[in-house]
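Asks: Residue numbers (full-length UniProt numbering): 1 to 258.
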Amino acid sequence: MDFQTIDLSIEDDIARLTLNRPDVKNALNAQMRAEIPAAIRIAQDNARVLVMTGAGDAFCSGQDLGDGSGAVNLDIERVLRDEYVPMLRAIFDCPIPTVSAVNGAAAGAGANLALAADVVIATESAVFLQAFSRIGLVPDAGGTYWLPRQMGMAKAMGAALFAEPVPARQAAAWGMIWEAVPDADFSQHVARRAVHLATGPTEAYRLTKQALRASMANDLETQLALEAQLQGKAGATRDFSEGVLAFLEKRVPDYQGR
């Protein structure tokens with residue numbers, strides 16, 4: 001499939017989705033919002049991990065305010081409902097592990113696009129910015145969902161109201177992202193993380209995602225029952241048998257993702 005605003009490559013069970021509008025800091029236009037879910041569907045059927053990053057020196061600057069009829073005339077509610085929701089659900093519902101490799105600034109909807117992934121790894125020079133209040137808007141693209149869950153209500157409220165950049169190291173300390181990595185080591189570090197996930201027990205990863213997300217709404221009894229159910233499924237996989245055998249034989253397991 002030919003894409004105009006993104007690049008998708010798949011090699012060694014690793015899918016790499018690159019937002020590719022570097023001239024506008026990879027701002028999200030309608031075409032990109034349509035292409036991202038399409039690329040994710042291809043990735044989840046042909047790879048065991050998805051890495052999403054940005055071309056150039058930014059991850060994503062958010063909504064392209066010059067797209068179409070312009071920001072002032074934009075039917076924001078329709079765009080969020082019909083274009084952003086499918087894009088974010090595609091990332092959130094992706095059955096394979098998803099990694100946002102934030103190579104530079106992630107602002108507005110671009111920040112929340114990054115936070116939709118299972119794991120966020122950023123360069124130390126990257127910043128996350130909830131820029132919405134600067135133009136009289138509220139956080140969208142899932143921001144009001146991700147932020148309180150990832151770094152608590154107090155930090156989420158401050159980030160939204162003050163619209164100040166959060167440096168990557170601070171974001172990691174607050175729990176917004178998984179880790180901040182020195183810029184010089186970033187590419188190799190993300191590659192190692194991707195290989196780890198691409199060669200791991202893929203079905204166990206899928207079930208882990210399901211369990212952790214359900215825990216936010218479940219009481220203890222319900223969650224314990226869900227754990228037992230999902231663990232039963234994990235225990236029936238080939239990878240579980242291989243993991244136990246490798247442990248007993250003191251060797252590295254050869255997981256096949258099934």
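Using N, Cα and C, we set each Cβ at its ideal position, and we do this for glycine too.
(1) Kindly identify the DSSP beta-bridge partner or partners of I96.
(2) Around the Cβ of V244, are there at least 16 other Cβ atoms within 10 angstroms (buried) or fewer (exposed)?
(3) Distance, Cα to Cα, T18 vs V85?
(4) Assuming F59 is part of the beta strand (DSSP E), what are its boundary residues?
(5) Would DSSP call I121 helix, strand or coil?
(6) I need the straight-line Cα distance from A191 to T199, nearest angstrom please.
(7) Can you list, in chain order, the residues of its chain with a C-beta nearer than 7 Å to that of residue 290? Leave out the 5 residues immediately preceding and following it.
(8) Report the rounded CA-to-CA distance for A257 versus A38, giving the unit in angstroms.
(9) Please tell me whether N112 and G158 are closer than 8 Å, where the distance is taken between their beta carbons.
(10) Got a sec? Which residues, its chain only, sit under 7 Å from L3 by beta carbon, not counting five neighbours each side?
(11) Need the endpoints of the alpha helix (DSSP H) that F247 sits in, please.
(12) Given T53, which residues of its chain have a CB within under 6 Å of its CB, disregarding the five upstream and five downstream residues?
(13) What are the start and end residues of the alpha helix (DSSP H) that includes G152?
(14) Around the Cβ of A217, are there at least 16 other Cβ atoms within 10 angstroms (buried) or fewer (exposed)?
(15) Which residues in the same chain as Q31 place their Cβ atom closer than 8 Å to its Cβ, once the five residues preceding and following it in sequence are excluded?
(16) Quick one: residues in its chain with C-beta nearer than 6 Å to the C-beta of D7, no 5 flanking neighbours on either side, listed in chain order?
(17) Using a threshold of 8 Å, state whether the C-beta atoms of V79 and P97 are closer than that.
(18) Give me whichever residues DSSP pairs with F132 in a beta bridge.
(19) Are the beta-carbon atoms of L147 and A116 separated by less than 8 Å?
(20) If you follow the beta strand (DSSP E) that M176 is in, where does it begin and where does it stop?
(21) Is DSSP giving residue 259 helix, strand or coil here?
(22) Enumerate in chain order the residues of its own chain whose CB-to-CB distance from R238 is below 7 Å, with the five nearest sequence positions on each side excluded.
(23) Considering only C-alpha positions, which residue in the set I14, A55, L28 and E77 is nearest to N46?
(24) Please classify G62 as buried or exposed, where buried requires at least 16 neighbouring CB atoms within 10 angstroms.
(25) Might you give, ordered along the chain, the residues of its own chain that have their beta carbon closer than 6 Å to the beta carbon of F92, omitting 5 neighbours on each side?
Replies: Short version:
(1) By one-based count along the sequence shown, residue 96 stands at place 96. Answer by DSSP bridge pairing: none, since I96 is not bridged.
(2) Position 244 of the sequence shown, counted from the first residue, corresponds to residue 244. Its Cβ having fewer than 16 others within 10 Å, V244 is exposed.
(3) Locating residue 18 in the sequence shown gives position 18, where the first residue counts as 1. Locating residue 85 in the sequence shown gives position 85, where the first residue counts as 1. It is roughly 20 Å from the alpha-carbon of T18 to the alpha-carbon of V85.
(4) Within the sequence shown, residue 59 is the residue found at index 59, counting from 1. A58 to C60 is the extent of the beta strand (DSSP E) around F59.
(5) As a first step, residue 121 is located in the sequence shown; it is residue number 121 there, counting from the start. Correct three-state label for I121: strand.
(6) Residue mapping note: residue 191 aligns to position 191 of the sequence shown, counting from 1. Residue mapping note: residue 199 aligns to position 199 of the sequence shown, counting from 1. When rounded, the distance between both Cα atoms is 12 Å.
(7) Nothing about residue 290 can be reported from this structure: the residues present for the chain run from 1 to 258 only.
(8) The sequence position of residue 257 within the sequence shown is 257, counting from 1. The sequence position of residue 38 within the sequence shown is 38, counting from 1. Looking at the sequence itself, residue 257 is Gly, so the reference to Ala does not match. Going by the C-alpha atoms only, they are around 23 Å apart.
(9) Within the sequence shown, residue 112 is the residue found at index 112, counting from 1. Within the sequence shown, residue 158 is the residue found at index 158, counting from 1. No, the Cβ-Cβ distance between N112 and G158 is not below 8 Å.
(10) Residue 3 sits at position 3 when you count from the first residue of the sequence shown. The amino acid at residue 3 is misidentified as Leu; the sequence shows Phe. Excluding positions up to five away in sequence, the list reads E35 and A39.
(11) Residue numbering aside, residue 247 sits at position 247 when the sequence shown is read from its first letter. In the DSSP annotation of this structure, the continuous segment of the alpha helix (DSSP H) that includes F247 starts and ends at R238 to L248.
(12) In the sequence shown, residue 53 corresponds to position 53, counting from 1. Non-local beta-carbon contacts of T53 in its own chain, meaning distances under 6 Å to residues more than five positions away in sequence, involve T18, A101 and N103 in chain order.
(13) On the sequence shown, residue 152 is found 152 positions in, with the first residue counted as 1. Counting along the chain, G152 falls outside any alpha helix (DSSP H), and DSSP gives it neither H nor E.
(14) In the sequence shown, residue 217 corresponds to position 217, counting from 1. Its Cβ having fewer than 16 others within 10 Å, A217 is exposed.
(15) To locate residue 31, count along the sequence shown from 1; it is residue 31. Correct list, in chain order: Q4 and T5.
(16) Taking the sequence shown and counting its residues from 1, the one referred to as residue 7 is at position 7. Once the five neighbours on either side are set aside, the close Cβ partners of D7 are T18 and N20.
(17) As a working mapping, residue 79 is identified with position 79 in the sequence shown. As a working mapping, residue 97 is identified with position 97 in the sequence shown. Not closer than 8 Å, so no.
(18) Counting from one through the sequence shown, the residue named residue 132 turns up at place 132. BP columns for F132 are empty, so no partner.
(19) For the purposes of this step, residue 147 is identified with residue 147 of the sequence shown, where counting begins at 1. For the purposes of this step, residue 116 is identified with residue 116 of the sequence shown, where counting begins at 1. No; because the gap between Cβ atoms is not below 8 Å, this pair is not in contact.
(20) Taking the first residue of the sequence shown as 1, we reach residue 176 at position 176. Taken as a continuous stretch (DSSP letters only), M176 belongs to no beta strand (DSSP E), as it is neither H nor E.
(21) Limits of the chain in this structure are 1 at one end and 258 at the other, which puts residue 259 out of reach.
(22) For the purposes of this step, residue 238 is identified with residue 238 of the sequence shown, where counting begins at 1. Close CB contacts of R238 within its chain, under the 7 Å cut and outside five residues either way in sequence, are with Q256 and R258 (chain order).
(23) The sequence position of residue 46 within the sequence shown is 46, counting from 1. N46 has its Cα closest to that of I14, out of I14, A55, L28 and E77.
(24) The count along the sequence shown starts at 1 and reaches residue 62 at position 62. With 16 or more other Cβ atoms within 10 Å, it is buried.
(25) Here residue 92 corresponds to residue number 92 of the sequence shown, with the count starting at 1. So the list reads A116, once near-sequence residues are dropped.
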